[in-house]
Amino acid sequence: MTKEILNKLGNQWLEEKIQRMKNLLNIALPDEALYREIMLSLGYPKNKVQFLELALLTPYTEIQKIKSQHLIEKVLLYRAGFLQDSSELPANIDKSLKFEKSFWSFKAIRPANFPDKRISDISHLLAQSTENGIYRYFRERIEKTCKEAATASPKKIVEEIMAFKGIGISRKREMFFNIILPFFIADESFIGCHNFLLNIFETHPPLDENSRVKRSIRELGVKVSNAKEYFGLVKYASSANL
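Position 37, counted from 1, in the sequence shown is what the numbering used here calls 52; the numbers after and before it change by one each time, with no gaps.
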């Protein structure tokens, strides 16, 4: 496979992501749309529907009222069915709204990726974003780094945008490229930083190779040099069902 084809596949991958975000912004306010997409991503590979249902059961407007990381974690774990004791929950939380633990899949999932662990991890970001909303939280960080772009590497820029607690750097990079970057390119009110984000896509080093990407590299005998080519391989692996 040539670099030209790989870059074309990378562009297709990004275009599909952007269109998805545009569709989400047509049916939900920015805070809710971004929150739902982040929660959905936590369910990879076997709990995506469950995490989306949890986000709908506990919308971001409710998360914003709670504010405390400890209480956000408690509320989400309770609603998910992982916590039975409701004594610490805020008085205005509807305790009748909850799933059963059996709603979730644990089969063939590493303990570090168990849904209750991911809920605890994401509660840190949610708590940090409550003051002005999760949309504004990321928008302001992108705007700040956009102004400083000439003095920082793409890798450093992404680390600065995603500098929140609870989640490892590798997963935060995945979250940035799969959600944050296409979301804000899809946002027509944010056009001033679109080229900045596209440049990150084209110049950031490749992400950590997952098993599907590794198989694609072995099969095609290619070497990827940036995020765009990396996601071109992701697109190829998906279409080839590797």
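Yeah, the Cβ is synthetic: ideal placement off N, Cα and C, and Gly gets one too.
Check each candidate in the options and name the one with the smallest Cα separation from residue i.
i, options, result
"G207", "W119, I134, K159 and I108", "K159"
"H139", "M177, R227 and F66", "M177"
"P221", "E30, F211 and F191", "F191"
"K18", "D109, A255, N256 and L235", "L235"
"L71", "H85, K89, L104 and A48", "A48"
"P45", "R125, K180, K116 and I194", "I194"
"S56", "S254, R188 and D202", "R188"
"R125", "E175, H85, I53 and G58", "G58"
"P130", "Q84, E155 and L98", "L98"
"G181", "R133, S83 and A123", "R133"
So, are the CB atoms of residue i and residue j less than 8 Å apart?
i, j, result
"I215", "I172", "yes"
"H219", "N241", "yes"
"D223", "S185", "yes"
"I33", "I232", "no"
"A255", "V228", "no"
"Y245", "V237", "no"
Please list, in chain order, all residues of the same chain as residue i whose beta carbon is under 7 Å from its beta carbon, the five residues on each side excluded.
i, result
"K243", "N22, G25, F216 and E217"
"K113", "Y93, R94 and G96"
"I78", "I87, L141 and T145"
"F118", "Q65 and G96"
"I108", "V90"
Quick one: grab the DSSP three-state call for residue i.
i, result
"H219", "coil"
"T76", "helix"
"F118", "helix"
"V228", "helix"
"N62", "coil"
"T160", "helix"
"K32", "helix"
"P105", "coil"
"R133", "helix"
"G247", "helix"
"D100", "coil"
"F199", "helix"
Under 8 Å Cβ to Cβ from residue i, same chain only, skipping five residues before and after it: list those, please.
i, result
"W28", "F246, G247, V249 and K250"
Would you check if there are 3 or more beta carbon pairs closer than 8 Å linking the segment 37–47 to the segment 55–62?
No, they do not touch.
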